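The structure under discussion appears below in the form of structure tokens.
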Amino acid sequence: MTEYNPPQDPLVILHDDHEVVLVDKPSGLLSVPGKGEHLADCLMARLKAVFPTALLIHRLDRDTSGVMVFALTPHAQRHLGLQFEKRQTKKTYVARVWGEMAEKTGTVDLPLIVDWPNRPKQMVDHENGKQAVTDWRVQRKGNGETRVRLMPKTGRSHQLRVHMLALGHPILGDPFYAEGPARDYPRLMLHSETFQFRHPDGGQGMRITAKCPF
59 MTEYNPPQDP LVILHDDHEV VLVDKPSGLL SVPGKGEHLA DCLMARLKAV FPTALLIHRL
119 DRDTSGVMVF ALTPHAQRHL GLQFEKRQTK KTYVARVWGE MAEKTGTVDL PLIVDWPNRP
179 KQMVDHENGK QAVTDWRVQR KGNGETRVRL MPKTGRSHQL RVHMLALGHP ILGDPFYAEG
239 PARDYPRLML HSETFQFRHP DGGQGMRITA KCPF
């Protein structure tokens, strides 16, 4: 891993009410603290400074930006946790990937497992891996790259990054899975654009969007 120098931009609150708060996480900032004092600065800590009761539901990789939801009450944490468990939430990501994809849409169904000698990297493992499914749709392509929308059906660690690599189109700027010129970008070109869920108070459907910065 590279040295940890998280961005110091102010918090971007996309929505907050009595049960939940949704934030646009910047690339380069950990969702939760890592091991050691030097990895203490994270979105969770910054959010708790403003919303002291904030509770974790899920996380995004350090280098991924975009929508994250936090609970503000134990009830909301249980309610949202169950939605994640039952795969009732919907997330859409935007990515820029290496190479021009031949097809317009598709699904990747490749099981993943941690690559122990190289952790936190993940890898495809048909015997022991956990099911991981990603739908994808090309937005546009040209100049040796493709802009693609990714709709994960499961929530495995590094799922989108490994699935794109498996298709031969690593996400640009990926410090783990891209090599050579594909890695040579200022950030990982992966952004969580929209998040759909049912509100813990009343079950109303909500759709929150964070504008893609690239």
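Under the working numbering, think of the first position of the sequence shown as 59, with each following residue one higher. Heads up, the beta-carbon is just placed ideally off N, CA and C, and yes, glycines get one too. Since this is a predicted model, take the numbers as computed values, not measurements.
Residues bridged to residue 203 by DSSP? Partner(s): 156, 200.
In whole angstroms, what is the alpha-carbon distance linking residue 241 and residue 259? If you take the alpha carbons of residue 241 and residue 259, they lie about 43 Å apart.
Using the C-alpha atoms, what's the distance from residue 61 back to residue 108? Computed Cα separation, rounded: 27 Å.
Going by Cα to Cα distance, which pick from 159, 103, 139 is closest to residue 228? Of the listed residues, the one whose Cα sits closest to residue 228 is 159.
Three or more C-beta pairs closer than 8 Å, one from the segment 131–138 and one from the segment 73–87: is that the case here? Taking one beta carbon from each stretch, the segment 131–138 and the segment 73–87 have 3 or more pairs nearer than 8 Å; the two touch.
Where does residue 145 sit, in a helix, a strand or coil, going by DSSP? In the three-state reduction of the DSSP assignment, residue 145 falls in the coil class.
From residue 99 to residue 69, what distance separates their C-alpha atoms? Rounded to the nearest angstrom, the two C-alpha atoms are 13 Å apart.
What are the complete alpha helix (DSSP H) segments, minimum 4 residues, inside the segment 119–143? Qualifying alpha helix (DSSP H) stretches, in chain order: 132–143.
Since residue 145 and residue 188 are thought to touch, with beta carbons under 8 Å apart, how far apart are those beta carbons, to the nearest angstrom? About 13 Å; that fails the 8 Å criterion.
If we ignore side chains and look at the alpha-carbon of each, how far apart do residue 191 and residue 243 end up? When only Cα atoms are considered, residue 191 and residue 243 end up about 27 Å apart.
Check the C-beta distance from residue 147 over to residue 193 and give it rounded, since I have them as a contact under 8 Å. Not confirmed; about 15 Å, so no contact.
So residue 83 and residue 118 are supposed to be a Cβ contact under 8 Å. How far apart are they, rounded? About 6 Å separates the beta carbon of residue 83 from that of residue 118, a gap short enough to meet the 8 Å contact definition.
On a CA-only basis, which of 124, 263, 262, 149 is nearest residue 249? Give me that one, please. For residue 249, the closest C-alpha among the options 124, 263, 262, 149 is that of 124.
Thinking C-beta only, is residue 195 closer than 8 Å to residue 162? When the beta-carbon positions are compared, residue 162 and residue 195 come within less than 8 Å of each other.
What three-state label does DSSP hand residue 210 in the structure shown? In this structure, residue 210 counts as strand in the three-state DSSP scheme.
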